[in-house]
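Peer 1: Whatever position you read off the sequence shown (first residue = 1), add 41 for our numbering.
This is the structure, below, for whatever I ask next.
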Amino acid sequence: MSDGDEVLAGINIAREEAKKLHEKNTDHELLRLFNAVHDDDIWEEFQLRFGKPGLPKSERGISPAQAYFWASYAVALKEANEELDK
């Protein structure tokens, strides 16, 4: 699997988890990224929160960094879903 494929896989998993979360709680704070995808401030906040710690801003756009980001974000969405299912 190429780095680009890993990024797409992470995005798709995050999207599916976000859909599930949206059905349970449309205002959940983790959904802000999908609800305001073009908001640079929110993008930056989520990059800092779920991106690889200590990674310079100039390197956040490379495929391995984005794969890490989307995988971390997908895990957080999944955990939020599981918490709401309790």
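Using N, Cα and C, we set each Cβ at its ideal position, and we do this for glycine too.
1. Inspect the beta-carbon positions of Glu58 and Leu96 and report whether they are closer than 8 angstroms.
2. Can you tell me whether DSSP reads Asp82 as helix, strand or coil?
3. Tell me whether Ala108 sits in a helix, a strand or coil according to DSSP, three-state version.
4. Determine the direct distance from the alpha carbon of Gly45 to that of Asp81, and round the result to whole angstroms.
5. Evaluate Val78 with the Cβ neighbour count: other Cβ atoms within 10 Å of its Cβ, from every protein chain shown; 16 or more gives buried, anything less gives exposed.
Peer 2: Taking the geometry as given:
1. Walking along the sequence shown from the start, residue 58 turns up at place 17. Walking along the sequence shown from the start, residue 96 turns up at place 55. No; because the gap between Cβ atoms is not below 8 angstroms, this pair is not in contact.
2. Within the sequence shown, numbered from 1, the residue matching residue 82 stands at position 41. If DSSP states are grouped into helix, strand and coil, Asp82 belongs with the helices.
3. Residue mapping note: residue 108 aligns to position 67 of the sequence shown, counting from 1. Reduced to three states, the DSSP call for Ala108 is helix.
4. Here the question's residue 81 lines up with position 40 in the sequence shown. Here the question's residue 45 lines up with position 4 in the sequence shown. Near 22 angstroms, if we compare the C-alpha coordinates of Gly45 and Asp81.
5. Position 37 of the sequence shown, counted from the start, is the residue given in the question as residue 78. With fewer than 16 other Cβ atoms within 10 Å, it is exposed.
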